[in-house]
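If you count by the UniProt record's numbering, then the sequence shown holds residues 1 to 98, one letter each, in order.
Cβ coordinates follow ideal geometry from the N, Cα and C atoms, glycine included.
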Amino acid sequence: MRRACPSCAQPVAVSPGETELPAHAVCSTPWNPFGSTVCDGSGRPVPAAVPVMEPAGVVDTEALALPPGLDWRSQPFSHAVRVAPRPTRHQEPAGPAR
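Right, dumping it as structure tokens:
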């Protein structure tokens, strides 16, 4: 389930057995995404967090599944590079010594 953090209002995923909000980051400005810090709401009790409205009918497996007809094995990946065989040195046959 998702709960809105009382400090930063960001939706945070919480397991049903958790009693505290997990540690999560907050960006102080959108112009400096590398200046993120731990949110003050991390570690607060889960009941203090507001439930986030989930869209009706969305199941977790649907959000993780690929669309029908899309096979992940046929997709191009930037890290999948075919390694060419190393070139071999061409050696001329040994002939009679001059």
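Proximity winner among S74, L66 and C27, relative to Q10 (alpha-carbon distances): C27
**Asked** Just to confirm, are V46 and T19 a CB contact at a threshold of 7 Å?
**Response** yes
Exercise. In angstroms, rounded to a whole number, what distance separates the CA positions of G69 and M1?
Worked result: 29 Å
Exercise. Roughly how many angstroms separate the alpha carbons of W31 and D71, rounded to a whole number?
Worked result: 37 Å
Among E92, S7, R3 and S74, the one whose alpha carbon lies nearest that of V38 | S7
Looking at the ligand SAM, does it come within less than 6 Å of C8, judged from the CB to the closest heavy atom? For the ligand SAM, the structure offers nothing, since it holds no ligand at all.
>> Taking the beta carbon of L66 as the centre, do at least 16 other beta carbons fall within 10 Å, making it buried, or is it exposed?
In response: exposed
_So, with DSSP's three-state summary, where would you put P47?_
helix
Can you name, in chain order, every residue of its own chain whose Cβ lies under 7 Å from the Cβ of G41, other than the five neighbours on each side? C5, P6, S7, C8 and L21
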